[in-house]
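0 is the number of the first residue of the sequence shown in numbering that gives the first Met the number 0; add one for each residue after it. A short worksheet on the structure shown next.
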Amino acid sequence: MYILFHKKEKQTKSRKKGTLSAPEEWVLDRFIRECNAQPCGLHEEFKKCANCEPTCERKQKPCANECLTPACQCVQGYVRHRGRCIKSENCEKFANYGKFSKRFFPNT
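This is the structure in structure tokens:
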């Protein structure tokens with residue numbers, strides 16, 4: 000969440016009633032809420048319009064052109080493996096250490 004402030008302008012009364020000048024102060028302007036309340040992991044980025052992402056099993060998965068739920072996804076050059084983002088060229092190294100994790104992709 001971000002909080003925006005602005006400077007309050009000096010206020011003066013007319014000379015007939017006396018002069019009063021308020022010092023400049025920071026006053027609350029408004030709150031801005033961000034969709035991403037949870038930080039993303041290593042080699043991930045938050046996408047407001049998330050879509051399917053590649054995995055070691057499916058490096059070039061065809062994706063429909065539609066927005067899904069906002070989510071953290073792997074940055075370009077990385078693929079999802081067991082919940083983490085790894086460089087796509089490292090998939091062969093990890094393949095020898097057990098099964099690949101399955102990740103749910105809607106519309107498949």
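Ideal Cβ placement from N, Cα and C applies to all residues, glycine included.
In this structure, LYS86 sits away from ALA70, with a CB-CB distance that is not shorter than 8 angstroms. Annotation: the continuous beta strand (DSSP E) that includes VAL78 extends over 77 to 80. Note on geometry: alpha-carbon atoms of GLN75 and PRO53 lie some 10 angstroms from one another. The straight-line gap separating the alpha-carbon atoms of CYS48 and CYS39 is approximately 15 angstroms.
Assignment of CYS84 by DSSP, reduced to helix, strand and coil, places it in the strand class. Put simply, the backbone Cα of GLU43 is about 16 angstroms away from that of CYS55. Bounds of any beta strand (DSSP E) do not take in ALA49, whose DSSP letter is neither H nor E. By the neighbour-count definition (other C-beta atoms within 10 Å, threshold 16), CYS66 is an exposed residue.
Beyond the five residues adjoining it in sequence on each side, CYS84 comes within less than 6 angstroms, by CB distance, of HIS42, GLU43, CYS73, TYR77 in the same chain, given in chain order. Linking ASN50 to ASN64 through their CA atoms gives a straight-line distance of about 8 angstroms.
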